[in-house]
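**Q**
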Amino acid sequence: MKYAIGAILGVAVFAWLFSLCSPAGKNKTGHEYMPDMYHPVSYEANQYSAYHWNHWDGSDDGQAYSKAQLSQPRGKVNGTIPRGYTAVYYTDASALDMVRGKNASNAIAAPVNGEAPFYYVNTEDDRLRCEKEMVNNPFPITKEGLDRAKPLYDVYCGVCHGAKGDGQGVLVTVPDAKYPAAPKNLIGDDMIAAGNGRYYFAMMYGKNVMGGYSDKLSFEERWQVLHYIRSLQAKAKNLEYSEKSNTLSNIEKPAKGAASGPGRTAPAAPAAPAPAPGK
Ligand code: HEC
4 MKYAIGAILG VAVFAWLFSL CSPAGKNKTG HEYMPDMYHP VSYEANQYSA YHWNHWDGSD
64 DGQAYSKAQL SQPRGKVNGT IPRGYTAVYY TDASALDMVR GKNASNAIAA PVNGEAPFYY
124 VNTEDDRLRC EKEMVNNPFP ITKEGLDRAK PLYDVYCGVC HGAKGDGQGV LVTVPDAKYP
184 AAPKNLIGDD MIAAGNGRYY FAMMYGKNVM GGYSDKLSFE ERWQVLHYIR SLQAKAKNLE
244 YSEKSNTLSN IEKPAKGAAS GPGRTAPAAP AAPAPAPGK
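Numbering (our numbering), first residue to last: 4 to 282.
1. Tell me which residues share the same chain as residue 162 and place their Cβ nearer than 6 Å to its Cβ, disregarding the 5 neighbours each side in the sequence.
2. Quick one: using the 10 Å Cβ neighbour count with 16 as the cut-off for buried, is residue 105 buried or exposed?
3. Distance check for residue 204 and residue 165, CA to CA, integer angstroms please.
4. Going by DSSP, what residue range makes up the alpha helix (DSSP H) through residue 121?
5. Between the Cα of residue 217 and the Cα atoms of 235, 225 and 150, which residue gives the shortest distance?
6. Spatial neighbours of residue 14 within its chain, please: CB distance less than 7 Å, with the 5 preceding and 5 following residues excluded, ordered by chain position.
7. Given this structure, state the Cα-to-Cα distance separating residue 187 from residue 108, to the nearest angstrom.
8. In angstroms with no decimal places, state the Cα-to-Cα distance between residue 124 and residue 147.
9. Tell me whether the beta-carbon of residue 135 lies closer than 8 Å to the beta-carbon of residue 198.
10. Would you say residue 16 touches the ligand HEC, meaning its beta carbon is less than 7 Å from a heavy atom?
11. Could you tell me which of 170, 234, 236 and 220 sits nearest to residue 119, measuring between CA atoms?
12. Using DSSP with H/G/I as helix, E/B as strand and the rest coil, what is residue 106?
13. Which value, in whole angstroms, describes the spacing of the CA atoms of residue 149 and residue 255?
14. Is residue 140 closer than 8 Å to residue 184 when the C-beta atoms are compared?
15. Report back the beta-carbon spacing between residue 152 and residue 236 to the nearest angstrom; my notes put them in contact at under 8 Å.
16. Taking the C-alpha atoms as reference points, what is the distance between residue 223 and residue 121?
17. CB of residue 123 to nearest heavy atom of the ligand HEC: below 7 Å?
18. Within the present structure, is the beta-carbon of residue 173 separated from the nearest heavy atom of the ligand HEC by less than 7 Å?
19. Please report the distance separating the alpha-carbon of residue 59 from that of residue 196.
20. Between which two residues does the alpha helix (DSSP H) harbouring residue 129 extend?
21. Check whether the Cβ atoms of residue 143 and residue 257 lie closer than 8 Å to each other.
22. Using a threshold of 8 Å, state whether the C-beta atoms of residue 259 and residue 243 are closer than that.
23. Closer than 7 Å to a non-hydrogen atom of the ligand HEC - does that hold for the CB of residue 133?
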C-alpha cells in the first residue's frame, strides 16, 4: 500500500513538473519562470527575442505574427542608417581618407558599408528602374580599389563569371559541370553598355539561379567590384580603365586622370528626382 501511494505521488509530482513546461497561456509564463526577469521586454535590435518567443503565438491567440516571425532578429527601420555608417557620394580619392578616419590625427572613421539604404525591391520593374537611376559609381577609380576588388571578384563572382568576366568560370567549365545555367558574359557588348545600377541590383538580389551578395559585400566593396568588372571589360576591348585614364566610358571617374571614353554614356536624366547613388 505504502509503495502504491509513493508511486502515485511520484507520478503526480512528475506530471506537475511537466505542466510547468507547458506553452504560454493568458496567465501562464510557459517554459520559463518569470522570463521578463531574465530577458528584456524592450525590443533589442538584431537579436533573437526570447521574450517574444515565449509569449506570442499567432495560432493561439490570433496575433498577426507567428512565434517564429516575432523571434527573428529585428532589422533596422527602412531608410535609416545606423550610427557610424554613412552612404555618401565621393568625388575624389581624398574623401576616402576622411571616411576611413585618416584625414586628421583625431578623426573618427565613418565606415561606408552594406548598411547604405537600398530602396529597390526585388522585381523586374525595380531592376530596370535601378539601372536607370543608379548611374554613377560613387567611388573614383583607384589602383587601391581595383586591387582590393580583384580577390573579392575572384572569390564571389569569378567562380561562375570567369576570371576574365567571360562567363566561363570553373563552376561551368569543370568536366561534368552540374551548374544549371550559363552565367552572364560580363564582357559582352550588352553588359558593357549596361548601367551600373543593373550590376548593383544583381549584387543585391542575384538573378534566378544566381544568389544575392548583399550580405557578402559591403557598400564600398560592391562598387569596387563593379570597377573591377569595368576594368575586365576594358581589357577585353583593349581600352584603359585605371586611375589615370578611362577610355571605356565617360561615367566612372579616374582618381588622377580624366575620363575620355565614348564607350558608355550616361543615360538621360530620369524625369523624377533620382535617389543619390548608394541609396
Ligand atoms: C553561382 C554562380 C554565380 C556567381 C557566384 C555569380 N553569378 Fe552573376 N549570374 C549567374 C547566372 C547564372 C546569371 C544569369 C542569370 C539569368 O539571367 O537567369 C548571372 C547574371 C549576372 C548579371 C546579369 C544580371 C542581369 O541583369 O541580367 C550580373 C550583372 C551578375 N551576374 C553579376 C555578378 C557579380 C558582380 C557577382 C559577384 C558578386 C556574381 N554575378 C556572382 C551566376 C553567378
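We put the beta carbon where it would ideally sit given N, CA and C, even for glycine.
**A** Answer, in terms of the structure:
1. Counting from one through the sequence shown, the residue named residue 162 turns up at place 159. Correct list, in chain order: 172, 173 and 174.
2. On the sequence shown, position 102 is the one that residue 105 refers to. Result: exposed.
3. For the purposes of this step, residue 165 is taken as the residue at position 162 of the sequence shown. For the purposes of this step, residue 204 is taken as the residue at position 201 of the sequence shown. Straight-line Cα distance between these residues: approximately 20 Å.
4. For the purposes of this step, residue 121 is taken as the residue at position 118 of the sequence shown. Element bounds for residue 121: n/a, residue is neither H nor E.
5. Here residue 217 is taken as the residue at index 214 of the sequence shown, counted from 1. It is 225.
6. Within the sequence shown, residue 14 is the residue found at index 11, counting from 1. Excluding residues within five positions, none has a Cβ falling inside 7 Å.
7. Along the sequence shown, read from residue 1 onward, the residue named residue 187 stands at position 184. Along the sequence shown, read from residue 1 onward, the residue named residue 108 stands at position 105. Rounded to the nearest angstrom, the two C-alpha atoms are 46 Å apart.
8. Along the sequence shown, one-based indexing puts residue 124 at 121. Along the sequence shown, one-based indexing puts residue 147 at 144. Going by the C-alpha atoms only, they are around 32 Å apart.
9. In the sequence shown, counting from the first residue as 1, residue 135 sits at position 132. In the sequence shown, counting from the first residue as 1, residue 198 sits at position 195. Yes; because the gap between Cβ atoms is below 8 Å, this pair is in contact.
10. On the sequence shown, residue 16 is found 13 positions in, with the first residue counted as 1. No, since every heavy atom of the ligand HEC falls outside the 7 Å radius drawn around the Cβ of residue 16.
11. For the purposes of this step, residue 119 is taken as the residue at position 116 of the sequence shown. Nearest C-alpha to residue 119: 220.
12. As a first step, residue 106 must be located in the sequence shown, where it is residue number 103. It is coil, neither helix nor strand.
13. In the sequence shown, the residue the question calls residue 149 occupies position 146. In the sequence shown, the residue the question calls residue 255 occupies position 252. C-alpha separation (whole angstroms): 13 Å.
14. Residue mapping note: residue 184 aligns to position 181 of the sequence shown, counting from 1. Residue mapping note: residue 140 aligns to position 137 of the sequence shown, counting from 1. Not closer than 8 Å, so no.
15. Here residue 152 is taken as the residue at index 149 of the sequence shown, counted from 1. Here residue 236 is taken as the residue at index 233 of the sequence shown, counted from 1. That belief does not hold up - the Cβ atoms of residue 152 and residue 236 are roughly 14 Å apart, past 8 Å.
16. Locating residue 223 in the sequence shown gives position 220, counting from the first residue. Locating residue 121 in the sequence shown gives position 118, counting from the first residue. So the two alpha carbons sit approximately 13 Å from each other.
17. Along the sequence shown, one-based indexing puts residue 123 at 120. Flag unset: Cβ of residue 123 not near the ligand HEC.
18. Walking along the sequence shown from the start, residue 173 turns up at place 170. Outside the cutoff, so no.
19. Residue numbering aside, residue 59 sits at position 56 when the sequence shown is read from its first letter. Residue numbering aside, residue 196 sits at position 193 when the sequence shown is read from its first letter. Its pLDDT being 47, under 50, residue 59 is placed unreliably by the model, and nothing is read from it.
20. Locating residue 129 in the sequence shown gives position 126, counting from the first residue. 127-136 is the span of the alpha helix (DSSP H), which, as asked, contains residue 129.
21. Along the sequence shown, one-based indexing puts residue 143 at 140. Along the sequence shown, one-based indexing puts residue 257 at 254. A contact, by the Cβ cut-off of 8 Å.
22. For the purposes of this step, residue 259 is taken as the residue at position 256 of the sequence shown. For the purposes of this step, residue 243 is taken as the residue at position 240 of the sequence shown. Not a contact, by the Cβ cut-off of 8 Å.
23. Mapped onto the sequence shown, residue 133 falls at position 130. No, the ligand HEC has no heavy atom inside 7 Å of this Cβ.
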